[in-house]
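First the structure, in the form of structure tokens, and then the observations on it.
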Amino acid sequence: MIAAVAPLEALAGRRGRLTVVGTIGVLVALVLGTTPAVSLPSEQIPGLVVFGLAARRDADRPTDIERLTDELRGFVSQLEDADPTADDGSLPAEPDLAEYERDRDDEIGRLSAAVDDLATAVRDRERQRAESERYRRELARITSDSGLGTETKIRRLLELGCERLGLETGLVSHVDEPADRYEIEAAVGAEADLEGAVLDLSETHCRNTVTSDDVVGISETPAADVDVGAAVESAVGCYIGGKIRVDGDLYGTVCFVSDDPRDRPFSPAERSFVDLLARWVSGAFERREYVAAIEERERRLERTQAFTDDMLDAVDDVVYLLEEDGDLRRWNETLVDVTGYSDAEVAEMNAVDFFDAENEGAIRESMEEAFETGETLVEAELRTKSGERIPYEFIASVLEDPNGNPVEVGIGRDISDRKERERRLERTTSLLEQSQRLADVGAWELDVSTEPYDLQWTAEIRRILGVSPDEPIDLERAFEFYHPEDRPRIREAVERAITDGEPYDIELRMWTADGDRRW
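The numbering of the sequence shown is UniProt numbering, which starts it at 1 and goes up by one.
Next comes the structure, spelled out in structure tokens:
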């Protein structure tokens with residue numbers, strides 16, 4: 001605040017002929033108070049500090065002061081009412097001080113000049129603030145436009161930055177410091193054809209930006225800063241740029257350049273604008289990489305899913321995945337081919353829907369067994385859409401899905417051929433047994449596929465030798481029914497048949513359980 005204190009000697013000598021005027025200091029402080037964000041260097045406002053101001057009761061001086069006071073009050077009032085975000089036309093005009101004699105060599109002249117400088121400085125600062133706010137609003141409008149893609153938004157922001165800073169070219173780069181690589185990903189303005197160019201990072205001004213924690217601004221680049229012809233900034237006159245970070249790591253830079261130097265340094269508001277722009281681009285790239293990572297995972301999952309489906313479809317057996325209530329979650333193409341139901345129909349079916357009532361109970365018990373014990377095996381006739389019944393064997397185990405829920409995963413195999421072979425074998429066996437009874441001939445079979453060997457006697461040989469149907473007979477026990485002198489021959493014949501597949505036809509003596517001899 002400006003203090004108005006009259007010298008004591010003058011006051012004492014003139015006894016009231018002088019009037020101390022303190023109004024001007026208050027008004028000047030009021031002007032300063034309307035722009036709290038603006039700092040005004042004292043050297044820009046000469047004569048602002050007035051330590052003493054006296055006015056005679058002459059007719060002109062009180063009138064000049066009063067009129068100057070009114071001008072200042074009007075200016076301050078307009079300044080308070082002005083919209084700082086609007087164009088410059090809404091800002092108040094400077095006080096009309098032309099009628100005051102600024103070149104007069106007294107307090108009023110010096111004060112008039114100081115107030116003039118003050119008004120000009122305040123208006124310039126208000127204009128800068130309004131301009132800064134307008135560009136910030138435009139930046140927010142571009143970045144919030146849901147109809148624009150990320151790449152379009154970045155180009156619009158670069159164009160806005162060129163306009164805001166008064167520079168010719170805006171660039172977004174990707175940087176690889178260890179490889180000294182500088183790739184221009186986006187370029188607008190005079191050097192738009194640089195997009196896609198790959199340069200040496202060490203030969204660009206961005207080499208300073210990537211190592212700085214703040215925005216780097218160079219209003220006049222030294223001629224020897226880079227080699228002639230080395231990179232895009234080799235011939236630039238001014239530069240300003242900020243870092244782009246993705247997940248905390250350096251990605252690249254956003255910068256603006258021009259061929260000609262600037263006539264003034266980059267202001268804090270301009271640096272703040274570049275920093276804000278760089279931060280938004282950083283966030284956009286983070287979101288872009290996040291989305292790209294998700295899309296890549298989805299593509300991998302789709303490829304894996306397709307491979308799994310192809311693999312399952314290549315299996316001739318039915319492959320299925322059941323929930324605990326029997327609903328089908330997944331199946332292969334074989335189930336569709338075998339049953340005749342479409343995929344859409346299968347999706348609405350339960351496991352028991354593929355079986356008749358006579359097999360439904362066995363299927364339900366099998367599912368319960370699987371979820372209780374972890375595995376199951378069941379044979380049942382699968383009913384097709386046309387009503388055909390196909391014998392199937394189902395083998396399944398219980399696993400946990402990715403969500404931790406138990407599911408039954410199983411394979412169904414068509415056992416029609418096996419069932420047919422079993423029926424033929426049963427008929428053959430029945431005929432053989434009838435023939436043996438009629439011819440009084442017995443037979444036995446030795447399964448050597450597992451150890452110990454499995455020996456099976458027909459009912460007729462048990463009858464002939466007097467052995468009960470439920471008495472277990474192994475190979476060594478069977479040899480005991482032969483005459484002691486014939487046992488080496490039968491042992492040797494059996495061993496050759498096992499090792500070499502050599503058939504034998506020999507006549508031997510045998511003893512029944514009651515001690516009777518037979519041939």
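By construction, the Cβ of each residue, glycine as well, lies at the ideal position given by its N, Cα and C atoms.
Would you report the Cα separation of residue i and residue j, rounded to the nearest angstrom?
i, j, result
"Y182", "E168", "20 Å"
"E451", "D325", "41 Å"
"L157", "I240", "15 Å"
"T143", "F285", "13 Å"
"Q305", "R329", "14 Å"
"V352", "L148", "53 Å"
"L250", "R287", "15 Å"
"R509", "P469", "22 Å"
"F307", "V346", "21 Å"
"P406", "R364", "16 Å"
"E420", "E393", "14 Å"
"D500", "V378", "38 Å"
"E348", "D309", "20 Å"
"R303", "N350", "28 Å"
Mind checking residue i: buried by the 16 CB within 10 Å criterion, or exposed?
i, result
"I506", "exposed"
"G442", "buried"
"G412", "buried"
"F256", "buried"
"W444", "exposed"
"T209", "buried"
"L53", "Confidence in L53 is poor, its pLDDT being 41 and thus under 50, which makes the residue's placement unreliable; the coordinate value appears in the next sentence. Buried, because 16 or more other Cβ atoms sit within 10 Å of the Cβ of L53."
"V198", "exposed"
"A513", "exposed"
"G189", "buried"
"S42", "Per-residue confidence for S42 stands at a pLDDT of 38, beneath the threshold of 50, marking its modelled position as unreliable; no derived number is given."
"T120", "exposed"
What does a CB cutoff of less than 6 Å around residue i pick up in its chain, not counting 5 residues either side in sequence?
i, result
"L312", "V319 and N332"
"D60", "Its pLDDT being 48, under 50, D60 is placed unreliably in this model, and the coordinates cannot settle the point."
"E502", "R496"
"G515", "none"
"I498", "V448"
Note down, in chain order, each residue of its chain lying with its Cβ closer than 7 Å to the Cβ of residue i, except the 5 sequence neighbours on either side.
i, result
"W511", "F481, H483 and R517"
"S416", "I390 and P391"
"L455", "W444, L446, I473, D474, L475 and A478"
"A278", "G242, K243, I244 and V254"
"D343", "V336"
What is the DSSP secondary structure of residue i, reduced to helix, strand or coil?
i, result
"residue 520", "The first residue shown for the chain is 1 and the last is 519, placing residue 520 beyond what the model contains."
"Y290", "helix"
"G229", "Here the model assigns G229 a pLDDT of 36, short of 50, so the residue's position is not dependable and the matter cannot be decided."
"T339", "helix"
"P391", "strand"
"T209", "helix"
"N359", "helix"
"V49", "Only weak support is given to the placement of V49: the predicted model assigns it a pLDDT of 37, under 50, and the value that follows is read from those uncertain coordinates. Here V49 sits in coil by DSSP."
"P488", "helix"
Suppose the cutoff is 8 Å on Cβ atoms and the five residues either side in sequence are ignored; what does the same chain contact list for residue i look like?
i, result
"E220", "G237, C238, P261 and R262"
"residue 520", "Since the first residue of the chain shown is 1 and the last is 519, residue 520 is not available in this structure."
Since residue i and residue j are thought to touch, with beta carbons under 8 Å apart, how far apart are those beta carbons, to the nearest angstrom?
i, j, result
"F354", "V398", "With a Cβ gap of about 20 Å, F354 and V398 do not count as contacting."
"T376", "S366", "5 Å"
"I184", "E177", "Their Cβ separation, rounded to whole angstroms, is 16 Å, which puts I184 and E177 out of contact at 8 Å."
"A186", "V175", "The pair is not a contact, with the Cβ atoms about 14 Å apart (cut-off 8 Å)."
"L322", "L139", "No, L322 and L139 are not in contact; Cβ-Cβ is about 56 Å, not under 8 Å."
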